[in-house]
Amino acid sequence: MTVLTTTPLQPTDRTSLRRSKERAATDREALYDVLLDGMFCHLGVVVNGDPLVLPTAYGVDFDRGPDGTLYLHGSVASRSVVAAPQQTICVTVTHADGLVLARSAFHHSVNYRSAVVFGVPRLVTDPDEKLHGLNRIVDHLVPGRSSAVRPPNRKELAKTSVLALSLSEASVKTRSGAANDEEQDLDLPYWTGVIPLQVVAGEPVTNPDCDLRVPEHVRTRAKLLGSSS
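Heads up, this note's numbering is the position in the sequence shown plus 35, with the first residue counted as 1.
This is the structure in structure tokens:
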């Protein structure tokens, strides 16, 4: 995918870090990397005066809009989807890369990569863009999948909503490396180090009612996620 924009992340009052400012990324490529490596996001929206945060499938198109577009999947009956276009929402994607174990309880931490996106989404009503957004969401989980399955019919499209959110207002925060112990604790007899974490896929399991071989795009996705296949 060709990324057309190189505009750096521009901090706003909502995206500026208040703590550990040195962990903020200003390169927009860092935002794209976090989004591409993720599989699900969390959508934060206010419904009837109460906060609601839901895990949500998403896809991205970095060539649509000046800074790229995030597509969010939902049902037409979903309270969050109905309420979202009327307000500013917050979408987060987080990767836990390691458990950081220090000599002191206070300095235990997590190695992570996280992105936060703010904005007022729009409900996608154009049929072509709606199908495009849905294909992006499917292909985000398994690249190439949308062209290897039956496309949604009119009834299925009528039951499905797609929200589009600009990536203009976003922040990225990361931590990596070893524990940061106090100098006076360095001689204490406690183990310190990092337990790496990663998402690992297993061998693809064919459905009982399917007698076809596992397609190459499925095997490729599993391998990229650490499958032994």
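The beta-carbon is built from N, C-alpha and C at its ideal position, and this holds for glycine as well.
Which first and last residues belong to the alpha helix (DSSP H) in which residue i is found?
i	result
T241	Premise fails: T241 is in no alpha helix (DSSP H) and is neither H nor E.
S113	Here S113 belongs to no alpha helix (DSSP H), and DSSP marks it neither H nor E.
T47	Unbroken run through T47: none, as it is neither H nor E.
L259	251-259
Output the distance between the C-alpha atoms of residue i and residue j, rounded to the nearest integer angstrom.
i	j	result
P162	F141	52 Å
D132	N146	5 Å
S139	D220	8 Å
V80	T47	19 Å
R210	A60	11 Å
L39	G109	In this predicted model, L39 has a pLDDT of only 47, less than 50, meaning its place in the structure is not dependable; the value taken from the coordinates is given anyway. Spanning the two alpha carbons is a distance of roughly 28 Å.
G84	L78	16 Å
A214	V135	6 Å
A137	P231	14 Å
T104	V197	12 Å
L107	E251	27 Å
T227	H130	22 Å
So residue i and residue j are supposed to be a Cβ contact under 8 Å. How far apart are they, rounded?
i	j	result
V177	V253	6 Å
P156	L200	4 Å
Quick check: does the Cβ of residue i come within less than 7 Å of any heavy atom belonging to the ligand GDP?
i	result
S211	In terms of ligand content, the structure shown is empty, and the ligand GDP therefore cannot be addressed.
Is there at least one Cβ from chain B nearer than 8 Å to residue i's Cβ?
i	result
T104	You won't find chain B in this structure, because it holds only one protein chain.
- Could you tell me whether the stretch 146-154 touches the stretch 204-220, using the rule of 3 or more Cβ pairs below 8 Å? yes
Inset, instruction - Report the residue ranges of all beta strand (DSSP E) runs contained in full by the stretch 192-228; include only those spanning at least 3 residues, in chain order. - result: 195-201, 204-210
Exercise. Just list the alpha helix (DSSP H) runs in the stretch 56-103, keeping only unbroken ones of 4 residues or longer that don't cross its boundaries, in chain order.
Key: 63-72
Runs of beta strand (DSSP E) wholly within the stretch 132-202 (minimum 3 residues, chain order): 144-154, 195-201
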